[in-house]
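Please read the structure below before turning to the comments.
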Amino acid sequence: MMRVALLGMPNSGKSTLFNRLTGAHARVGNWPGITVELLAARLLVGDQMVQLVDLPGIYDLRGLSEDEHVVTNFLEGHRPNLLIVVLNATQLDRQARLLQQLIPLGIPLLAVLNMSDEAKKLGMQIDVEGMQASLGFPVCLLSAKHGDGTATLTALMRKQLQTAKNNNLIPVDAVSVDAVSVDAVGVDAVGVDAVGVDAVGVDAVGIDATGVDAVDVDAIVNRHIAAPMQASHQLTERLDRLFLHPWLGLPALLAMMLLLFEAVFALGKPLQEIMAWLFSTLRTALLEPVLAPLPSMLNGFLLDGVYNGLGTVASFVPLIVLFFLFVGIVEDSGYLSRAAFLMDGLMARLGLDGRSFVMMLMGFGCNVPALMGTRVIRSRGLRLLTMLTIPFSLCSARLQVFVFFTAALFSPWQAPLVLFSLYLISILLAMLTALAFKGRYINSEPFIIEMPPYRFPTTKQIVLRAWQEIRHFLSRVTRFIVLGVVMVWVLTNFPSGAVPGSSSTWAGMIGQWLDPILSPVGIDPNLTIALVFGFVAKEIVIGALAVIYGQEGDLLSNMITQQITWAQAYSFMLFTLIYTPCLSTVATIRAESKSLAFTALTIVWPLLLAWSVSFVFYQVALLATG
Ligand SMILES: Nc1nc2c(ncn2[C@@H]2O[C@H](COP(=O)(O)OP(=O)(O)OP(=O)(O)O)[C@@H](O)[C@H]2O)c(=O)[nH]1
Ligand SMILES: [Mg+2]
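Taking our numbering, the leading residue of the sequence shown gets -9, the next gets one more, and so forth.
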């Protein structure tokens, strides 16, 4: 199958184009470095089935970061038949450089000038025909976000692929690896002639007789663009006067975070309650009568175990979707780059940089993509230090636990503030961790960040993002959560003969066994079991409690309110927030750091910290409340 790859600088819209062409759901965001892995999908171009590959963005073919290696390794090992170079049409002066580096590779090229909508708004005029004639390969102006120009692109792709086919360029991987080995890819190292121009044939690349040497992309591009003297994004400039203000910037950041979390709580909690009510109604109206004839053990397993556990976890789906809708809008707005800029000074004192802060923010969604997002960081020291801090980010799975507990034990006006306090503590602990370890993981990289213009996602982008999160959640349900609640049920109901939920069950024994360690922090044996399973996935915590107490919805809240004090609840939340990250996170840390010792550190350090913080809080709370 022919292979076509999308290559370009970060944030130029490759993934947006990939999604538009293939109908895939690659993650998109207004932040350089959203894609850090290869993504491939099949696409019919004319009568030809091709594999379309979405690559991470690169500034330079000689780049040294992990995601840039992904690209150079790809070009080396899986030479595409066609490279679609995606350029931001409003920044051609800066982006043409990459195109210049690509020409010598001898791979047929097609240049896409993306973001035509923004170029038009800025009053830029681009002579595509002229540029195409001078460059010697097709150029196409389009807007991946809004879809204008995609038909032209497909036609050009078809033509280029046909030419490649006619020129017998098909055998993928046939080009000697030497000619494009990673080292050799650098333009300097190889020079235009050296990169197997013979092996590939100048004609075949689609460059006309003038020869490769003659092409000065920069000059050509400049010759065919007319931009007003001061092409600027006016809205962006106006907003940045506030958001990047030396004094007001940081308070604005804090205020926006507070607003966001308040909104999630205020809108999400009622939705969760409606869902919980639906689940319990379904239980009493349908499942209980239908399952009544079953033996009581099986009945208990299905209803009190599987159904209660899963139902309680599932009732949080709307809240999570809502949360990710907001997160999606923030990620696509371009504000993350501003947050990175604002926090960079403080972060630098902790041995981190502005990007580390953005990764912590991304971790509020889920720690896993945030950990992978650190691939854009070149300095290994900085990357590891950032990875050490990310698991403290209060992810959406932990959010479920906290929403549940805060709503059960605190008054309606206290609850959102308690939740916000947990977000702040999460960031503070990440900072504290950085401070403790910055001597060990040294940053050796200067901080440079692009400030993209503010953008607003299309409705389709928002809906897709939410849908992706639902799918992700469902896959976690099937992988971990079902198993988790079933195991909790077994532990709380066996050995046979033990009174369910009592201290003579296996769960009770584990709880008693850990009691000397956890009672000083206010965590009772029931909560202990929930914590034990939270190691696997934090969503299980709330499902486990439903199984342990044999209740769901309002009844579960009431039960918990009767059994524990607010101080115990807060201590439990602190512990859940801080202790060892979930299995997926640990596995990602292992894969990304390639170090067992580092992975062990990310397990042990949070555990110690969790106990210490909860201990201090609980003991002080006990003293204060007498
Ligand atoms: N106005 C406008 N915005 C676009 C267009 N194409 C993409 N975007 C926006 O540009 C931002 C970056 O898009 P992505 O598709 O994630 O960019 P990418 O090149 O894949 O970025 P990396 O994966 O970080 O390299 C997002 O906010 C998109 O919504 C376009 O044609 N017009
Ligand atoms: Mg991308």
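C-beta atoms are modelled at their ideal positions from N, C-alpha and C, and glycine is treated no differently.
*Roughly how far, in whole angstroms, is the beta-carbon of R455 from the beta-carbon of G318, given that I think they are within contact range, below 8 angstroms?*
Along the sequence shown, one-based indexing puts residue 455 at 465. Along the sequence shown, one-based indexing puts residue 318 at 328. That pair is a contact at about 4 angstroms.
*Specify, as a first and last residue, the run of the alpha helix (DSSP H) that D322 falls within.*
Stepping through the sequence shown from its first residue, residue 322 is reached at position 332. Start and end: 307 to 323.
*Of all the alpha helix (DSSP H) runs that stay within the bounds of the region 438 to 486, which reach a length of 4 or more residues?*
449 to 466, 472 to 483
*Could you pull out every unbroken alpha helix (DSSP H) segment of at least 4 residues lying fully inside the region 250 to 284, listed in chain order?*
278 to 281
_Determine whether the beta carbon atoms of V610 and L573 lie at a separation below 8 angstroms._
The sequence position of residue 610 within the sequence shown is 620, counting from 1. The sequence position of residue 573 within the sequence shown is 583, counting from 1. Result no, Cβ atoms of V610 and L573 do not sit closer than 8 angstroms.
*On the premise that I532 lies in contact with F382, defined as a C-beta separation below 8 angstroms, what is that separation, rounded to the nearest angstrom?*
Working through the sequence shown from its first residue, we reach residue 382 at position 392. Working through the sequence shown from its first residue, we reach residue 532 at position 542. With 8 angstroms as the limit, F382 and I532 do not qualify as a contact, their Cβ atoms being about 20 angstroms apart.
*For I439, which option in V576, G324, W503 has the closest C-alpha, if you only look at C-alpha atoms?*
Here residue 439 refers to the residue found at position 449 of the sequence shown. Among V576, G324, W503, the Cα nearest to that of I439 belongs to G324.
_Proximity test, V76 beta-carbon vs ligand 1 heavy atom, cut-off 7 angstroms_ = Counted from its first residue, the sequence shown places residue 76 at position 86. True, at least one ligand heavy atom lies under 7 angstroms from that Cβ.
*Is the region 361 to 380 touching the region 21 to 36 in the sense that three or more CB pairs, one from each, lie closer than 8 angstroms?*
yes
*Expressed to the nearest angstrom, what Euclidean distance is found between the alpha-carbon atoms of L234 and R345?*
What you label residue 234 is simply residue 244 of the sequence shown in a count that begins at 1. What you label residue 345 is simply residue 355 of the sequence shown in a count that begins at 1. So the two alpha carbons sit approximately 16 angstroms from each other.
*Using 10 angstroms around the beta-carbon of V391, count the other beta-carbons present and answer buried if the total reaches 16, otherwise exposed.*
For the purposes of this step, residue 391 is taken as residue 401 along the sequence shown, with counting starting at 1. Flag for V391 reads buried.
*asked:* Let's see if you can read the secondary structure: which residues bound the beta strand (DSSP E) around L232?
replied: Locating residue 232 in the sequence shown gives position 242, where the first residue counts as 1. From DSSP, L232 is part of no beta strand (DSSP E) but of the alpha helix (DSSP H) over 224 to 233.
*Check whether the Cβ of T25 sits closer than 7 angstroms to any heavy atom of ligand 2, and report yes or no.*
In the sequence shown, counting from the first residue as 1, residue 25 sits at position 35. At least one heavy atom of ligand 2 is nearer than 7 angstroms to the Cβ of T25, so yes.
_Between A16 and ligand 2, is there a pair consisting of the residue's CB and a ligand heavy atom that are separated by less than 7 angstroms?_
Taking the first residue of the sequence shown as 1, we reach residue 16 at position 26. Yes; taking the cut-off as 7 angstroms, the Cβ of A16 has a heavy atom of ligand 2 nearer than that.
*Cβ-Cβ separation, V35 to G151 (assumed contact under 8 angstroms), whole Å*: Here residue 151 refers to the residue found at position 161 of the sequence shown. Here residue 35 refers to the residue found at position 45 of the sequence shown. Checking the sequence shown, residue 151 turns out to be Leu, not Gly. Confirmed, Cβ separation roughly 6 angstroms.
*State the start and end residues of the unbroken beta strand (DSSP E) segment that holds V205.*
Walking along the sequence shown from the start, residue 205 turns up at place 215. Note, V205: premise wrong, no beta strand (DSSP E); not H, not E.
*Residue nearest to E435 in terms of C-alpha spacing, selected from G(-2), L54, Y49*: By 1-based counting over the sequence shown, the position of residue 435 is 445. Ranking G(-2), L54, Y49 by Cα distance to E435 puts L54 first.
*Can you name the start and end residues of the beta strand (DSSP E) that L412 belongs to?*
On the sequence shown, residue 412 is found 422 positions in, with the first residue counted as 1. Segment 404 to 427 is the alpha helix (DSSP H) holding L412; no beta strand (DSSP E) there.
*Would you kindly work out how many angstroms separate the C-alpha atoms of I310 and F255, rounded to a whole number?*
Start at 1 with the first residue of the sequence shown, and residue 310 comes out as number 320. Start at 1 with the first residue of the sequence shown, and residue 255 comes out as number 265. Spanning the two alpha carbons is a distance of roughly 10 angstroms.
*Could you tell me the boundaries of the beta strand (DSSP E) in which R32 lies?*
Residue numbering aside, residue 32 sits at position 42 when the sequence shown is read from its first letter. Note, R32: beta strand (DSSP E), 29 to 35.
*asked:* Bridge partners for I74 per DSSP, in chain order?
replied: For the purposes of this step, residue 74 is taken as the residue at position 84 of the sequence shown. Answer is L(-4), L100, bridged to I74.
*How long is the line joining the alpha carbons of T570 and A600, rounded to whole angstroms?*
Translated into the one-based positions of the sequence shown, residue 570 becomes position 580. Translated into the one-based positions of the sequence shown, residue 600 becomes position 610. Approximately 8 angstroms, taken between the alpha carbons.
*Decide if G67 is buried, meaning its Cβ has at least 16 other Cβ atoms within 10 Å, or exposed.*
Sequence index remark: in the sequence shown, residue 67 carries index 77 (1-based). Label assigned to G67: exposed.
*Hey, is the region 400 to 420 in contact with the region 580 to 587, meaning 3+ C-beta pairs nearer than 8 angstroms?*
no
*Consider the C-beta atom of S5 and the heavy atoms of ligand 2; say whether any pair is separated by less than 7 angstroms.*
The count along the sequence shown starts at 1 and reaches residue 5 at position 15. Yes, the Cβ of S5 comes within 7 angstroms of a heavy atom of ligand 2.
*Could you give the distance in angstroms between the alpha-carbon of S327 and the alpha-carbon of I538?*
As a first step, residue 327 must be located in the sequence shown, where it is residue number 337. As a first step, residue 538 must be located in the sequence shown, where it is residue number 548. Distance between the alpha carbons of S327 and I538 is about 44 angstroms.
*Do you know offhand how far W626's Cα is from Y431's?*
The structure shown does not extend to residue 626, since the chain is modelled only from -9 to 616, so the question has no answer here.
_N45 to A141 span [Cα, whole Å]_ = By one-based count along the sequence shown, residue 45 stands at place 55. By one-based count along the sequence shown, residue 141 stands at place 151. The sequence as given places Leu at residue 45; Asn does not occur at that position. If I take the Cα positions, the gap works out to 22 angstroms.
*Any heavy atom of ligand 2 closer than 7 angstroms to the CB of D44?*
As a position in the sequence shown, residue 44 is number 54, starting the count at 1. Indeed, a heavy atom of ligand 2 lies less than 7 angstroms from the Cβ.
*DSSP three-state call for V129: helix, strand or coil?*
Here residue 129 is taken as the residue at index 139 of the sequence shown, counted from 1. The answer is strand: DSSP assigns V129 an E or B state.
*Please classify A216: does DSSP put it in a helix, a strand, or coil?*
Along the sequence shown, read from residue 1 onward, the residue named residue 216 stands at position 226. Correct three-state label for A216: strand.
_Please state the DSSP three-state secondary structure of I24._
Here residue 24 is taken as the residue at index 34 of the sequence shown, counted from 1. In this structure, I24 counts as coil in the three-state DSSP scheme.
*What three-state label does DSSP hand V40 in the structure shown?*
Indexing the sequence shown from 1 puts residue 40 at position 50. V40: strand per DSSP, three-state reduction.
_Pairwise C-alpha distance: P510 and L613_ = The residue given as residue 613 occupies position 623 in the sequence shown. The residue given as residue 510 occupies position 520 in the sequence shown. So the two alpha carbons sit approximately 13 angstroms from each other.
*Can you find a heavy atom of ligand 1 that lies under 7 angstroms from the Cβ of N156?*
Translated into positions along the sequence shown, residue 156 becomes position 166. Incorrect: N156 has no Cβ contact closer than 7 angstroms to ligand 1.
*asked:* Considering only the alpha carbon of each residue, which of M349, L300, Q115 lies closest to V211?
replied: Reading the sequence shown from its first residue, position 221 is the one you call residue 211. Of M349, L300, Q115, the residue nearest in Cα terms is Q115.
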